[in-house]
Amino acid sequence: MFSPQDIKVKLKEMAAELKFDDLRICDVGDFSESDKTKFYNCMNLGMFDKMEYLKRAAEKKISPTKYFPKAKSAVCVCANFWRESSEKRIALYAQSEDYHRVIKPKLLMLSKLLEEFGGEQKVSVDSSPLWEKLLAARAGLGWIGKNTLLTRETNGSWNFIGIILTSLALPFDEQIKNRCGNCRECVDACPTSALSENGLDARKCISNLTIERKDELSDEEKKLVGNIIYGCDVCLRACPFGKKAPISPLFTNLPNNNFSKRSIF
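Now the structure itself:
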C-alpha cells in the first residue's frame with residue numbers, strides 16, 4: 000500500500016527522468032482576495048486588451064475546483080527553455096518545437112502514474128482557464144516576478160509550466176519567498192512601459208500585440224512593435240536571475256515550429 004508521500008516521491012522521480020526542472024504540489028483552494036482584486040481590476044481597466052477568453056474564464060481562473068470539482072491537489076511542473084539565440088525579433092520560446100507537444104505527453108505520463116493509484120486527473124499546458132503560474136508559485140516552484148511571470152532563482156522567467164489537477168490528496172509543498180526585492184530591471188527595461196505596479200497592460204505589450212491580436216494594429220501600436228515579428232523577451236532577458244540560466248535539456252535541439260501561443264496572464 001502506497002502512502003500519499005510515497006506517491007509524491009514516485010512523481011518527483013518520474014519528473015526528473017522526464018527532464019522537468021522540478022515538480023511540486025499545492026492545494027486547489029480559491030486564490031486570495033488580493034489576487035482576485037488585482038485580476039478584476041486589470042480586467043475592468045481594460046488591461047487585458049481584446050483577450051475576451053480571460054473574462055469568460057474568470058471564475059475558473061480564480062477557483063481551480065470550478066474547473067475540476069474533484070480536484071484535491073495540483074501537481075505543478077516547470078521546464079527551463081533557455082538556449083542561446085541571436086534572433087531577437089522572435090520570442091525564444093517560439094524558436095523551438097511547440098512546447099505543448101513536448102510537455103503535454105510528459106504530463107500524461109505523470110497522470111497515468113496517478114491513475115494507477117486511483118486518481119482522476121485533468122492536465123493543462125497553457126490550454127485551460129487555470130491560473131497556472133499562480134498555482135506554480137503556490138506550490139513553491141518560484142515566485143511571481145515584477146514582469147508578472149513565474150520567476151526562479153536558477154533561471155529567472157525562462158519557464159514553461161504544466162499542471163495536473165488530481166483527485167488524490169497529496170502532501171503540499173511550501174511557497175517560497177519573493178526574491179525580487181527592490182530590483183526593477185524588468186520594469187525599467189520594458190520598451191513600451193507595459194509593466195507597472197498594477198501589473199501588465201496588454202494594450203502596450205509587444206507579446207500581446209504580435210501574438211494575440213488578430214486585427215490590424217493602429218499606427219501607434221505599430222510604432223510600439225517596431226521590427227519585432229512574434230513575442231518579446233526583453234523583460235526576461237533583463238532579469239538578473241535569468242542571466243544565469245543553464246541551457247535547456249528539453250528545448251535546445253528541437254526543430255523550429257510555426258510559432259505557438261503562450262498566455263501572458
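Under numbering that gives the first Met the number 0, the first residue of the sequence shown carries the number 0, and numbering increases by one thereafter. Cβ atoms here follow ideal geometry from the backbone N, Cα and C, with glycine treated the same way. Treat the numbers as computed from the prediction; the structure is a model and nothing was measured.
Three-state secondary structure (DSSP) of residue i
{"i": "Ala90", "result": "coil"}
{"i": "Ala73", "result": "strand"}
{"i": "Leu123", "result": "The residue asked about is misnamed: residue 123 is Ser in this sequence, not Leu. Strand, per DSSP."}
{"i": "Arg82", "result": "coil"}
{"i": "Arg23", "result": "strand"}
{"i": "Leu17", "result": "coil"}
{"i": "Leu195", "result": "Residue 195 is actually Ser in this sequence, not Leu. Residue state, collapsed to three classes: strand."}
{"i": "Leu267", "result": "As shown, the chain starts at 0 and ends at 264. That puts residue 267 outside it, with no answer to give."}
{"i": "Lys176", "result": "coil"}
{"i": "Arg100", "result": "helix"}
{"i": "Asp5", "result": "helix"}
{"i": "Cys182", "result": "coil"}
{"i": "Ser33", "result": "helix"}
{"i": "Leu249", "result": "coil"}
{"i": "Ser110", "result": "helix"}
Exposed unless 16 or more other CB atoms sit within 10 angstroms - verdict on residue i
{"i": "Glu131", "result": "buried"}
{"i": "Asn257", "result": "Annotation note: pLDDT 47 at Asn257 (below 50); position unreliable, no value reported."}
{"i": "Leu216", "result": "exposed"}
{"i": "Lys260", "result": "With a pLDDT of 48 at Lys260, under the threshold of 50, the predicted position of this residue should be treated as unreliable, though the coordinate-derived value follows. Result: exposed."}
{"i": "Arg23", "result": "buried"}
{"i": "Thr251", "result": "exposed"}
{"i": "Lys60", "result": "buried"}
{"i": "Ala201", "result": "buried"}
{"i": "Ala136", "result": "buried"}
Option nearest residue i by Cα separation, candidates the options
{"i": "Lys54", "options": "Gln4, Leu129, Ser72, Met13", "result": "Leu129"}
{"i": "Phe30", "options": "Glu58, Arg23, Gly139", "result": "Glu58"}
{"i": "Val74", "options": "Asp200, Thr147, Glu119", "result": "Glu119"}
{"i": "Ser72", "options": "Asn79, Pro63, Ala78", "result": "Pro63"}
{"i": "Ala168", "options": "Phe116, Leu140, Asn177", "result": "Phe116"}
{"i": "Thr191", "options": "Asn146, Glu152, Asp97", "result": "Asn146"}
{"i": "Pro68", "options": "Met50, Ala138, Gly28", "result": "Gly28"}
{"i": "Tyr66", "options": "Ser127, Ser84, Glu83", "result": "Ser127"}
Next item on the list: Entirely within the region 116-165 and at least 4 residues each: give me those alpha helix (DSSP H) ranges in chain order.
Entry: 131-137
Notebook entry, point to check: How do the region 222-237 and the region 83-96 stand: do at least 3 beta-carbon pairs fall below 8 Å, yes or no?
Noted result: yes
Checklist line | Sequence ranges, alpha helix (DSSP H) only - wholly within the region 203-243, length at least 4 | finding: 218-224, 233-237
Notebook entry, point to check: For the 8 Å Cβ check, are there 3 or more pairs between the region 170-177 and the region 206-220?
Noted result: no
Checklist line | At least 3 beta-carbon pairs within less than 8 Å: the region 6-21 vs the region 177-185 | finding: no
Checklist line | Three-pair Cβ contact test at 8 Å for the region 111-128 versus the region 160-169 | finding: yes
Notebook entry, point to check: When the Cβ atoms of the region 94-110 are set against those of the region 237-244, are three or more pairs found closer than 8 Å?
Noted result: no
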